[in-house]
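K.L.:
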Amino acid sequence: MKPAPFAYHRPRSREEVDRLLAELGAEAKLLAGGQSLIPILNMRLAAPAHVVDLNFLEDEPAQPVARDGAVAFGPLVRMSAAERSPLVAERLPLLAAALPHVAHPAIRSRGTVTGSIAHADPAAELPAVMAVLEGEASVRGARGARTVPARDLFVAHLETSLEPDEWIDEVRLPAHERGAFEEFARRRGDYALCGVAAVPGALAFVGMGPVPIRLGPDDLGRLEPEDDIHATARYRLWLAERLARRAQESL
Amino acid sequence: MEVTLRVNGTVHPVEVEPRRLLSDVLRHGLGLTGTHVGCEHGVCGCCTVLVDGEPARSCLMLAVTADGADIRTVEGLAAPGGELHPLQEAFRRHHGLQCGFCTPGFLMTALPIYREAEHMGDDELREALGGQLCRCTGYVGIVAAVRAAAAIERERGG
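Chains U and Y, in that order, give the protein sequences.
Residue numbering for the first sequence follows numbering that gives the first Met the number 0, beginning at 0 and increasing consecutively.
Residue numbering for the second sequence follows numbering that gives the first Met the number 0, beginning at 0 and increasing consecutively.
(1) Contact check, glycine 194 of chain U vs glycine 206 of chain U under 8 angstroms by CB: the rounded distance?
(2) Anything in chain Y within Cβ reach of lysine 1 of chain U, meaning under 9 angstroms, just list it in chain order.
(3) Answer yes or no: do leucine 86 of chain Y and tyrosine 113 of chain Y have a C-beta to C-beta separation smaller than 9 angstroms?
(4) Would you say arginine 109 of chain U and glycine 188 of chain U are within 9 angstroms of each other, going by their C-beta atoms?
(5) Tell me the DSSP secondary structure of histidine 8 of chain U in three-state form.
(6) Exposed or buried, methionine 42 of chain U, counting other C-beta atoms within 10 Å across all chains shown (16 or more means buried)?
(7) Taking CB distances under 9 angstroms as the criterion, tell me whether threonine 47 of chain Y reaches chain U.
(8) Taking Cβ positions only, does valine 145 of chain Y come closer than 9 angstroms to chain U?
(9) How many Å lie between proline 209 of chain U and alanine 155 of chain U at the Cα?
(10) When Cβ atoms are compared, which residues of the segment 17-46 of chain U fall closer than 8 angstroms to chain Y?
(11) Measure the Cβ-Cβ separation of arginine 171 of chain U and serine 137 of chain U and say whether it is below 9 angstroms.
(12) Got a sec: which bits of the segment 63-88 of chain U sit with their beta carbon under 8 angstroms from any beta carbon on chain Y, in order along the chain?
(13) Give the interface partners of valine 63 of chain Y over in chain U, defined as CB-CB distance under 8 angstroms, in chain order.
(14) Less than 8 angstroms between C-beta atoms, sequence neighbours within five positions excluded: which residues of the same chain meet that for alanine 122 of chain U?
(15) Taking the alpha carbon of alanine 102 of chain U as the reference point, which residue from U/Ala119, U/Glu124 and U/Ala88 has its own alpha carbon closest?
(16) Comparing alpha-carbon positions, which option in Y/Ser22, Y/Gly8 and Y/Leu4 lies nearest glutamate 14 of chain Y?
(17) At least one CB of chain U closer than 9 angstroms to the CB of glutamate 154 of chain Y: is that the case?
(18) By the criterion of Cβ-Cβ separation under 8 angstroms, what are the contact partners of serine 108 of chain U in chain Y?
(19) Grab me the residues of glutamate 57 of chain U's own chain with a C-beta within less than 6 angstroms of its C-beta, minus the 5 sequence neighbours each way, in chain order.
(20) So, for serine 249 of chain U: in the same chain, excluding its five sequence neighbours on each side, which residues have a beta-carbon less than 7 angstroms away from its beta-carbon?
(21) Counting only Cβ-Cβ distances shorter than 7 angstroms, please list the residues of the segment 177-196 of chain U near chain Y, keeping chain order.
(22) Tell whether a beta-carbon distance below 9 angstroms holds between tyrosine 7 of chain U and valine 64 of chain U.
(23) Mind checking if methionine 0 of chain Y is an interface residue toward chain U, Cβ cutoff 9 angstroms exclusive?
(24) Does the beta-carbon of glutamate 162 of chain U have 16 or more other beta-carbons within 10 angstroms, so that it is buried, or is it exposed?
(25) Once the 5 residues before and after glutamate 74 of chain Y are set aside, which same chain residues still bring their CB inside 7 angstroms of it?
(26) Let me know the secondary structure DSSP gives serine 137 of chain U once reduced to three states.
(27) Please compile the residues from chain Y whose C-beta is within a distance smaller than 8 angstroms of the C-beta of alanine 102 of chain U.
(28) Are the beta-carbon atoms of leucine 25 of chain Y and serine 57 of chain Y separated by less than 9 angstroms?
(29) Would you please verify whether the beta carbon of glycine 28 of chain Y is less than 9 angstroms from any beta carbon of chain U?
(30) Check the Cβ-Cβ distances between alanine 117 of chain U and every residue of chain Y, and say whether any is below 9 angstroms.
(31) Mind pulling the chain U residues with CB within less than 8 angstroms of methionine 60 of chain Y?
(32) When you compare the CB positions of glycine 95 of chain Y and cysteine 45 of chain Y, do they come within less than 9 angstroms of one another, or not?
(33) Can you say whether isoleucine 228 of chain U is buried or exposed, counting buried as having 16 or more other CB atoms within 10 angstroms of its CB?
Dropping the structure here:
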C-alpha cells in the first residue's frame with residue numbers, strides 16, 4: 000500500500016505544466032487534490048513514471064470566480080472552498096446540493112472540483128453535475144488552448160478526450176436557478192450505486208454507464224446499466240426511476 | 000528531496016523520497032506514531048490530521064505536497080504538562096473509545112468543530128464525523144463526547 004517510485008515535478012506556473020506535459024506526455028500524472036490519484040498509487044493500480052504536483056502553482060485562485068454567466072473553477076479550488084462559497088450557493092444550487100455527497104469533509108478539504116471532473120469517474124458526483132449543466136472545460140497544452148464542452152469531454156470510464164500533452168486548467172459551470180441531487184449509497188460517503196443530478200428539463204446519472212448519462216426526464220428507458228459486484232442492473236434501474244422522481248419533485 | 004514540515008508548531012526539515020506518504024513521514028521520519036494508519040486508501044479516517052487548519056487524510060497526501068504546510072497531529076493536543084485537551088477529556092468521560100485505534104483520527108476531525116458541536120443537530124454532527132470508522136464503540140459515546148467538549152473547556156475557564 001505504498002506508491003511505486005516516480006520522478007516528482009513541482010511547476011510554478013501553468014506554462015511550466017504545459018512544457019512538462021509536452022516532454023513527458025502519457026508517462027506523467029497530474030496531482031491536484033490527490034484524493035483519487037493517491038489511493039490509485041497506494042494500491043499500485045497505476046505507477047506513473049512522473050508525478051506533476053500542481054499544488055505549488057503560484058497566483059492560483061483558491062475560490063471560484065464569476066465569469067460570463069458561469070462560475071469558473073481553477074485547478075486548485077478545493078471542494079471545501081466551493082462548499083462554503085456564497086457564489087456557488089447563489090448561482091450553482093445543483094453543485095451546492097451535490098458536494099455534500101462527495102465522500103467526507105476530510106476528503107473535500109483536499110479534493111478539487113476540476114480534478115474530480117478531469118478524473119472522469121462515472122461513479123463520482125461532479126462529472127454528472129458537469130454533464131447535466133453542459134459545462135465546459137478549458138483545456139491547454141504547449142500546442143495551444145481549446146474549450147471542450149461536457150458532451151465531448153467524457154469518453155469512457157476514467158477517460159476524457161484530452162491528448163496526453165493536454166490538461167484542464169479551468170472548469171466552467173453555467174449559473175442556474177434550480178438544481179437537485181439525489182443518490183443512494185450503502186454507506187454515506189461511499190460511491191453511489193446510482194445517483195442523479197437534475198435541472199429543469201434534464202437529468203444526468205451517476206453509476207449507470209461508462210460516462211455520466213445525460214437524458215431528458217422522459218428518456219429513462221434508454222438507461223443501460225450493467226451488473227457488477229455492488230448491484231444488479233435491474234436494481235440500478237429501480238433506483239434510477241425513484242431517485243429521478245425524487246430529484247424532479249424537489250426542483 | 001528536502002522539505003520543511005511544521006508539525007504542532009515545531010519546524011522539521013526532513014529529507015524524503017517523493018513517493019513517501021505524509022502519514023509515513025510523520026510516523027517513521029518524525030516518530031509521531033499517534034497518527035494511526037489503517038486502510039491507506041482514505042476510507043477508515045484513522046490517519047486524519049489538520050493541514051492548514053482543515054482535516055485531511057495523511058495517507059492521501061504526499062509529504063512533498065505538505066512542504067511548508069502547518070500540520071497538527073494528536074500529539075499536539077494535550078498540554079506540555081500532560082493535562083488532556085478538553086476534547087480528549089470528553090472522550091474519556093463519555094466512553095468515546097475502547098481500543099483507541101481510531102481515536103486520533105476522531106480527535107483531529109472534531110478539533111475544528113467541537114466548539115460548534117454542542118449546538119449541532121445529530122444529523123449534522125454525524126455527517127461531520129462520518130468519514131471516521133470505529134469498530135468498538137457504536138459511535139454513540141463519540142458523538143456525546145464531541146458535543147460535551149466545549150462545556151468541559153468552559154468548566155476549566157478556558
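Even glycine gets a Cβ: it sits at the ideal position worked out from N, Cα and C.
Note that the coordinates shown come from a computational prediction; the quantities given were computed from them, not determined experimentally.
P.N.:
On the basis of the data shown:
(1) 6 angstroms
(2) Arg18, Arg19, Leu20, Asp23 and Glu39
(3) yes
(4) no
(5) strand
(6) exposed
(7) yes
(8) no
(9) 5 angstroms
(10) Leu30, Gly33, Gln34, Ile37, Pro38, Leu40, Asn41 and Met42
(11) yes
(12) Ser79
(13) Tyr7, Arg9 and Asp52
(14) Tyr190, Ala191, Val205 and Gly206
(15) U/Glu124
(16) Y/Leu4
(17) no
(18) Val50, Glu53, Pro54 and Ala55
(19) Arg11
(20) Ala179
(21) Arg187 and Gly188
(22) no
(23) yes
(24) exposed
(25) Asn7, Leu31 and Gly33
(26) strand
(27) Gly41 and Gly130
(28) yes
(29) no
(30) no
(31) Gly33, Ile37 and Arg109
(32) no
(33) exposed
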